[in-house]
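Working notes, beginning with the structure itself.
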Amino acid sequence: MFNIEEELKKLPSQPGVYLMHDAKDEIIYVGKAISLKNRVRQYFQSSRNKTAKIQQMVSRIARFEYIVTDSELEALVLECNLIKEHQPRYNTMLKDDKAYPYIKVTVGEDFPRVMTARSMKKDKSRYFGPYTSGGAVKDTIDLMQKIYRIRTCNRVLPRDIGKARPCLNYHIGQCDAPCQGKISREEYAKKTEQVLEFLNGHYDILINYLEDKMQEASAVMEFEKAMEYRDLLASVKQIAQKQKITSEAAEDRDIIAMASDGEDAVVQVFFVREGKMIGREHFGVSVGSADTHAQILTGFVKQYYSGTPFVPKELWIQEELEDQDVIEKWLSTRRGQRVHILVPKKGEKERLVELARKNAKMVLIQDNERNKREEARTSGAMQEVAGWIGLSGVRRIEAFDISNISGYESVGSMVVYEDGKPKRSDYRKFRIRTVTGPDDYASMREVLTRRFTHGLEEAKRLEEENLGTALGSFTRFPDLLMMDGGRGQVNIALEVLSELGLSIPVCGMVKDDNHRTRGLYYQNVEIPIDRRSEGFRLITRIQDEAHRFAIEYHRSLRSKGQVRSILDEIPGIGDTRRKALMKHLKSLDAVKLASVEELMEVPGMNRTSAENVYRFFRKNKDDNPAQI
Numbered sequence: 010m011f012n013i014e015e016e017l018k019k020l021p022s023q024p025g026v027y028l029m030h031d032a033k034d035e036i037i038y039v040g041k042a043i044s045l046k047n048r049v050r051q052y053f054q055s056s057r058n059k060t061a062k063i064q065q066m067v068s069r070i071a072r073f074e075y076i077v078t079d080s081e082l083e084a085l086v087l088e089c090n091l092i093k094e095h096q097p098r099y100n101t102m103l104k105d106d107k108a109y110p111y112i113k114v115t116v117g118e119d120f121p122r123v124m125t126a127r128s129m130k131k132d133k134s135r136y137f138g139p140y141t142s143g144g145a146v147k148d149t150i151d152l153m154q155k156i157y158r159i160r161t162c163n164r165v166l167p168r169d170i171g172k173a174r175p176c177l178n179y180h181i182g183q184c185d186a187p188c189q190g191k192i193s194r195e196e197y198a199k200k201t202e203q204v205l206e207f208l209n210g211h212y213d214i215l216i217n218y219l220e221d222k223m224q225e226a227s228a229v230m231e232f233e234k235a236m237e238y239r240d241l242l243a244s245v246k247q248i249a250q251k252q253k254i255t256s257e258a259a260e261d262r263d264i265i266a267m268a269s270d271g272e273d274a275v276v277q278v279f280f281v282r283e284g285k286m287i288g289r290e291h292f293g294v295s296v297g298s299a300d301t302h303a304q305i306l307t308g309f310v311k312q313y314y315s316g317t318p319f320v321p322k323e324l325w326i327q328e329e330l331e332d333q334d335v336i337e338k339w340l341s342t343r344r345g346q347r348v349h350i351l352v353p354k355k356g357e358k359e360r361l362v363e364l365a366r367k368n369a370k371m372v373l374i375q376d377n378e379r380n381k382r383e384e385a386r387t388s389g390a391m392q393e394v395a396g397w398i399g400l401s402g403v404r405r406i407e408a409f410d411i412s413n414i415s416g417y418e419s420v421g422s423m424v425v426y427e428d429g430k431p432k433r434s435d436y437r438k439f440r441i442r443t444v445t446g447p448d449d450y451a452s453m454r455e456v457l458t459r460r461f462t463h464g465l466e467e468a469k470r471l472e473e474e475n476l477g478t479a480l481g482s483f484t485r486f487p488d489l490l491m492m493d494g495g496r497g498q499v500n501i502a503l504e505v506l507s508e509l510g511l512s513i514p515v516c517g518m519v520k521d522d523n524h525r526t527r528g529l530y531y532q533n534v535e536i537p538i539d540r541r542s543e544g545f546r547l548i549t550r551i552q553d554e555a556h557r558f559a560i561e562y563h564r565s566l567r568s569k570g571q572v573r574s575i576l577d578e579i580p581g582i583g584d585t586r587r588k589a590l591m592k593h594l595k596s597l598d599a600v601k602l603a604s605v606e607e608l609m610e611v612p613g614m615n616r617t618s619a620e621n622v623y624r625f626f627r628k629n630k631d632d633n634p635a636q637i
């Protein structure tokens with residue numbers, strides 16, 4: 010079960026993307042963060058002022074997951090990709106869903122242009138990005154056009170050379186007018202190469218140029234000019250940030266990496282479709298101490314791609330697989346075209362594989378921590394409780410509770426915990442048959458007697474039929490019996506067990522005046538318990554679960570009309586008066602014995618209704634209310 014409070018504690022202080030899931034496991038929101046820890050926790054802080062839409066979204070969150078990235082830019086790009094892929098409901102309500110811009114260089118033309126594009130297409134152009142700032146992209150393109158004098162017109166060259174006069178950019182010195190044949194294709198190609206070098210990561214020349222210009226303008230007190238260079242410099246630096254979430258090659262690929270602690274391993278798969286990383290999935294793997302990373306990855310690839318319907322064109326793997334050539338041929342056969350398995354060693358490809366490995370390691374650490382916490386709160390807590398009362402080998406606990414509301418007949422519940430976890434298939438509910446009115450002790454006696462008598466009879470029958478007792482539904486007895494209450498409930502249980510010849514330890518869950526668990530009553534002694542311990546939390550869960558199960562059964566019977574108060578049969582006594590009678594006189598027996606005058610003292614009762622109640626319980630006697 011996903012515990013949001015516990016998962017919030019494990020969030021890293023790193024940039025990344027978070028995905029919110031609802032109870033149906035649908036992604037309802039995707040967001041990015043500079044610090045995942047700070048951003049995600051804000052959603053669950055009551056002190057935060059949230060809009061109605063955000064409050065509605067938060068109320069539907071059942072779990073969340075996240076992907077760590079190397080920079081805020083990568084988080085932004087990945088966020089965009091995931092929003093486009095999953096179209097979460099609350100993203101369309103809460104944020105802008107526009108695509109991030111690319112820089113497009115039309116290298117397929119004889120005289121290439123540089124322009125903004127909102128999507129990558131499979132044409133002959135080169136794409137760079139996506140980038141997070143459309144303004145920075147525009148400024149950078151304008152700057153490159155000014156410095157390298159790249160054309161901006163839509164003329165088809167060389168076909169249209171000389172057909173029209175040069176544009177304004179030529180006259181102001183920002184274009185070499187290839188449309189007039191004033192620059193050769195070779196010279197223009199050199200300028201294009203400089204643009205491509207810049208976009209490929211060689212930013213130093215241009216950055217140094219702008220910094221020099223800014224300093225020169227400042228030195229002669231041309232501060233407005235210096236500010237222009239400063240803004241251009243900021244735009245270029247923003248463009249210069251590297252990102253690896255989207256590839257210029259619009260291919261389908263899976264990126265696979267793993268992390269292991271010697272006993273367990275986690276394999277992380279990043280899914281890249283049409284050049285965009287659209288999601289990820291991680292898989293837990295049990296490994297032997299002798300298994301190498303190559304063996305683990307080989308086994309995973311074989312199992313995963315034998316069951317998945319889609320095989321991508323490329324697999325980027327952390328380490329070379331065993332029998333890689335054979336696996337490659339097998340995957341190619343499944344896809345119907347050539348599949349390449351690559352082990353990147355440098356560059357952006359290697360860094361993306363490393364990002365997958367980093368996420369796998371984080372998931373592994375989280376899983377180990379989660380397992381330790383789960384063990385502490387279940388089997389560890391069970392042994393802690395057993396230790397408080399001096400028992401050992403306690404694996405199964407049965408807890409009982411009684412529910413009665415406003416004069417309705419009582420019902421009982423039995424909940425079962427094994428190794429600290431609820432075993433709902435063994436839960437039982439009891440409708441009280443022999444007790445009239447809200448008598449918890451008598452009702453508990455009936456429930457316990459029926460439960461253990463049934464178990465003994467069932468075990469005897471199975472033995473006579475030469476069948477194992479494991480086939481029975483009541484034959485498994487608890488190692489410890491827990492009663493919702495103190496001395497009285499414990500003594501009732503001990504009496505029932507003694508009458509049936511059973512020896513099972515019994516303790517009571519004692520509550521304080523605020524109806525919160527205070528301690529355990531065992532062998533005539535109340536044992537105080539540490540409220541900060543996992544054992545205390547387990548007892549509280551058991552107590553709450555027994556109460557919930559009883560109340561749930563009681564309400565279900567009431568809703569079906571299967572449980573009724575005897576008072577409902579009296580003319581003039583409806584729901585309000587019935588509740589008032591039970592509240593004022595405390596029990597059904599007191600109502601039966603009350604005089605007309607005493608009944609009239611109950612709020613909402615008049616003489617007619619009081620006489621009706623009085624006569625109802627004396628219908629076998631003289632109907633004259635004066636007699637008794």
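Going by my numbering, the sequence shown opens with residue 10, and the numbers climb by one from there.
We treat Cβ as the ideally placed atom computed from N, Cα and C, and that holds for glycine.
It should be emphasised that the depicted structure is a prediction, and the values quoted were computed from it without experimental measurement.
Residue of the options minimising C-alpha distance to residue i
i	options	result
D649	F486, S401 and I374	Outside the shown range of the chain (10 to 637) lies residue 649, about which nothing can therefore be said.
E16	R433, L241, L509 and A71	A71
I92	F137, Y38, A126 and R69	Y38
D376	I63, G293 and I501	G293
D539	I326, E202, V394 and E378	V394
D34	G144, R69, E472 and S55	R69
K367	I336, G271 and M267	M267
I513	L489, Y52, T526 and D493	L489
G389	K430, L373, I374 and K355	K430
S452	L465, K432, M492 and I411	I411
A303	G495, A274 and R127	A274
First through last residue of the beta strand (DSSP E) which encompasses residue i
i	result
F668	Here the chain has residues from 10 to 637 only, and residue 668 is not among them.
G345	Here G345 belongs to no beta strand (DSSP E), and DSSP marks it neither H nor E.
D584	D584 -> not in any beta strand (DSSP E); alpha helix (DSSP H) instead, spanning D584 to L594.
V3	Outside the displayed span of the chain (10 to 637) sits residue 3, for which this structure offers no information.
Beta-ladder partner(s) of residue i, from DSSP
i	result
R72	H30
V269	Note on residue identity: the sequence assigns Ser, not Val, to residue 269. For S269, which the question treats as bridged, DSSP gives the partners A274.
A126	Y111
H463	BP columns for H463 are empty, so no partner.
C516	M491
L351	W325
V424	A408
G288	F280
I398	Answer is none; I398 lacks a bridge partner.
DSSP state of residue i mapped onto helix, strand, coil
i	result
I305	helix
A243	helix
R527	strand
P187	helix
L315	Per the sequence shown, residue 315 should be read as Ser rather than Leu. Helix at S315.
C89	helix
A42	strand
S55	coil
R449	According to the sequence as given, residue 449 is Asp; it is not Arg. Helix at D449.
Y136	strand
G293	strand
G25	strand
D332	coil
R627	coil
K430	strand
R541	coil
V456	helix
D105	Its pLDDT being 42, under 50, D105 is placed unreliably by the model, and nothing is read from it.
R262	strand
Below-8 angstroms beta-carbon distance, residue i vs any chain B residue
i	result
E88	The chain labelled as chain B is not found in the depicted structure, where only one protein chain is given.
Residue i: first and last residue of the uninterrupted alpha helix (DSSP H) it sits in
i	result
E654	Summary: the structure shown does not reach residue 654, with the chain confined to residues 10 through 637, and so no result is reported for it.
F439	From DSSP, F439 is part of no alpha helix (DSSP H) but of the beta strand (DSSP E) over R437 to R440.
A369	G356 to R386
N217	D213 to A228
>> Whether or not the stretch 331-350 and the stretch 308-318 are in contact is what I'm after, with contact meaning three or more pairs of Cβ atoms, one per stretch, closer than 8 angstroms; do they touch?
In response: yes
>> Three Cβ pairs or more, each shorter than 8 angstroms: is that satisfied between the stretch 530-549 and the stretch 576-591?
In response: no
> Is the number of C-beta pairs between the stretch 390-407 and the stretch 417-431 that are closer than 8 angstroms three or more?
Replying inline: yes
>> For the structure I just gave you, are there three or more beta carbon pairs, one from the stretch 205-215 and one from the stretch 169-178, closer than 8 angstroms?
In response: No, the stretch 205-215 is not in contact with the stretch 169-178.
>> So, does the stretch 598-608 touch the stretch 548-564, judging by three or more C-beta pairs under 8 angstroms?
In response: As far as the Cβ criterion goes, the stretch 598-608 does not touch the stretch 548-564, which means the pair count is below three.
> So does the stretch 536-550 actually touch the stretch 497-513, counting three or more Cβ pairs closer than 8 angstroms?
Replying inline: no
>> Could you check whether the stretch 576-587 touches the stretch 613-628, counting it as contact only if at least three pairs of C-beta atoms, one from each stretch, sit closer than 8 angstroms?
In response: Yes, the stretch 576-587 is in contact with the stretch 613-628.
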